[in-house]
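Below is one structure; the comments refer to it alone.
Protein chains in written order, with our numbering: chain A, 9 to 134; chain B, 219 to 325.
In structure tokens, the structure reads:
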């Protein structure tokens with residue numbers, strides 16, 4: 009069974025740095041082609057893609073947040089860490105991590121998120 | 219960035235109805251299109267990947283179709299458990315953008 013769980017502070021002050029950890033089980037980031045992504049969702053709004061990291065340490069970030077985002081992995085701990093600097097109230101959201109399965113040739117290299125963690129609500133307020 | 223536009227933003231339907239949600243990409247994304255279902259207070263769950271492949275465990279009443287820029291999610295017979303918000307997502311190129319969501323409500 010594959011599971012992911014996000015952990016970190018529920019409340020941060022403006023200008024502070026947010027660090028969230030995604031701890032997963034049932035798969036390894038040592039497996040070629042596997043990845044983990046981060047997605048967030050402001051209250052009542054749509055999903056927003058933040059970034060992804062693959063087993064080979066290839067990373068992609070949202071262009072709008074790239075200057076503030078860092079994603080790293082710790083294979084020995086089965087964890088992926090998301091860091092966002094200079095937090096603002098508009099960053100208040102539920103933050104999710106999700107697995108990216110290995111791309112299967114039958115699907116032409118298409119990728120997707122499955123499964124997702126339960127999410128963690130982060131509020132930015134002084 | 220590739221823009222994903224879903225329509226409608228919301229709809230009201232009855233149990234047993236056939237429901238169709240469309241998603242349009244601002245450029246061709248081949249078949250790199252996924253559909254997720256999200257219920258209130260829960261994480262999204264994958265329904266359809268690669269435009270038309272039903273995720274394991276998802277009822278066969280869900281069907282995805284399309285390629286290029288135009289895609290459709292069809293629920294052939296709406297069930298009580300299907301009332302939720304649905305999102306499309308492209309994974310053709312980063313950022314892997316989502317549509318704005320379609321909320322399916324009980325009529």
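Yeah, the Cβ is synthetic: ideal placement off N, Cα and C, and Gly gets one too.
Taking the Cα positions, residue 292(B) is about 44 Å away from residue 24(A). Rounded to the nearest whole angstrom, the C-alpha separation of residue 15(A) and residue 285(B) is 37 Å. Annotated three-state conformation of residue 278(B) is coil, per DSSP.
For residue 288(B), the uninterrupted beta strand (DSSP E) segment begins and ends at 288 to 293. Here DSSP, grouped into helix, strand and coil, assigns residue 84(A) to helix.
Every unbroken stretch of the beta strand (DSSP E) spanning 3 or more residues and falling wholly within the stretch 51 to 130 of chain A is given here in chain order: 56 to 62, 67 to 69, 77 to 82, 87 to 92, 101 to 108.
Excluding five sequence positions before and after residue 70(A), the CB atoms of its chain that fall closer than 8 Å to its own CB belong to 56, 57, 58, 59, 77, given in chain order. By the Cβ criterion, the stretch 250 to 262 of chain B is in contact with the stretch 290 to 308 of chain B, since at least three pairs of Cβ atoms, one from each stretch, lie closer than 8 Å. Interface residue (Cβ-Cβ distance to chain B less than 8 Å): residue 84(A) is not classified as such. Residue 231(B) carries a strand assignment under DSSP once its states are collapsed to helix, strand and coil.
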